[in-house]
Amino acid sequence: MFEPTPKQTLILWDVLARGGSAAQAEMPFKVEPKDREALVRAGVVTVKKVGRSLWLTVEERGWSWANDHLDAPLTSLPKISTSEAKVASRKRKPSPAKGTQVTLQLWLQRLKTFLRSENRALSDLFYAAKPIKIDSTEISFAKLRERIRAFVFQIAGNPQRNGVPLSVLRREFRDIDRATLDGTLRRMHSEDGTTLMSLDNPREIEAEGDAPLNLKGQMVHTLWITR
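Residue numbers are given in the working numbering: position 31 of the sequence shown equals residue 38, and the series is strictly consecutive.
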């Protein structure tokens, strides 16, 4: 059973924050050989020499452990004397406290990127009562309709220059289950200025795979919005 020390946990988190692989020299604190070797023996990290640098790479077991131990304690930060601070300054290596701050900053940057890509707020980590993934059964027709229209105009122009393949729509709206998306497209087709159309070219039809929609017995492949 892998039970790392707080310092070993900090090493693991620092490498993960750098994408899962990093040169030891880049790490903002000193890595003792005993800690590095303990991680290797546990199978959570591998080490190889590239030029003059030692590279640490987190293996699958390390990712799995981190996923299950987000609350694992990190190293306690010892107090450093003035003389130790001067030595650290001369070596251009951060103090232990500064090193941990660098690791935290890396993770905050990754968290910021993730929250923006998912259109979430930091408070959602504490107060979200439901899964982050959108429950498409709760999405109103009007809201989804506007999302579809905005996407179509974005990639095909307004007025629309080309029909948007349903395969492209399905990739864009993969957070919506197929039944909900199909139902919305059928309702939009009944509106003036919105049309679902079939393709004639066999190669284009084949390229659509299972994306086409059955509309009253006819398979349609593209969406046109003219108003």
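All C-beta atoms in this analysis are idealised placements derived from N, C-alpha and C, irrespective of residue type, glycine included. On a predicted model such as this, the values are computed, not experimentally measured, just so you know.
Segment contact, 8 Å Cβ cut-off, at least three pairs: the segment 14-31 with the segment 42-59: Touching, yes.
Proximity winner among Pro13, Ala186, Ser174, Asp199, relative to Val227 (alpha-carbon distances): The count along the sequence shown starts at 1 and reaches residue 227 at position 220. The residue with the shortest Cα to Cα distance from Val227 is Ser174.
Three-state secondary structure (DSSP) of Ile212: Against the sequence shown, residue 212 aligns to sequence position 205. In the three-state DSSP reduction, Ile212 falls in the helix class (H, G or I).
Outcome for Met195 when other beta-carbon atoms lying within 10 angstroms are tallied against a minimum of 16: Position 188 of the sequence shown, counting from 1, holds the residue named residue 195. Flag for Met195 reads buried.
Burial state of Ile232, where buried means 16 or more other Cβ atoms lie within 10 Å: On the sequence shown, position 225 is the one that residue 232 refers to. Classification of Ile232: buried, given that the 10 Å Cβ count is 16 or more.
As assigned by DSSP and simplified to three states, the class of Met8: Position 1 of the sequence shown holds residue 8. In the three-state reduction of the DSSP assignment, Met8 falls in the coil class, being assigned neither a helical nor a strand state.
Three or more C-beta pairs below 8 Å linking the segment 112-121 and the segment 149-158: Touching, no.
Residues that Pro172 bridges to, as DSSP identifies them: By one-based count along the sequence shown, residue 172 stands at place 165. Thr229.
Spatially closest choice to Lys14 from Leu206, Leu176, Ser71, Glu44, by CA coordinates: Taking the sequence shown and counting its residues from 1, the one referred to as residue 14 is at position 7. The shortest C-alpha separation from Lys14 is found at Glu44.
Own chain residues within Cβ distance below 6 Å of Phe180, not counting five before or after: Working through the sequence shown from its first residue, we reach residue 180 at position 173. Excluding residues within five positions, the ones whose Cβ falls inside 6 Å are Leu188.
Among Pro40, Trp70, Lys55, Arg59, nearest to Leu23 - alpha-carbon criterion: One-based indexing of the sequence shown puts residue 23 at position 16. Check the Cα spacing between Leu23 and each of Pro40, Trp70, Lys55, Arg59: the tightest is with Trp70.
Start-to-end residues for the alpha helix (DSSP H) that takes in Ala45: Your numbering for residue 45 matches position 38 in the sequence shown. First-last of the alpha helix (DSSP H) with Ala45: 40-48.
8 Å Cβ shell around Asp42 - same chain, five flanking residues per side excluded: Translated into the one-based positions of the sequence shown, residue 42 becomes position 35. Apart from the 5 residues on each side of it in sequence, Asp42 sits with its Cβ closer than 8 Å to the Cβ of Thr12, Lys14, Gln15, Ile18 in its chain, given in chain order.
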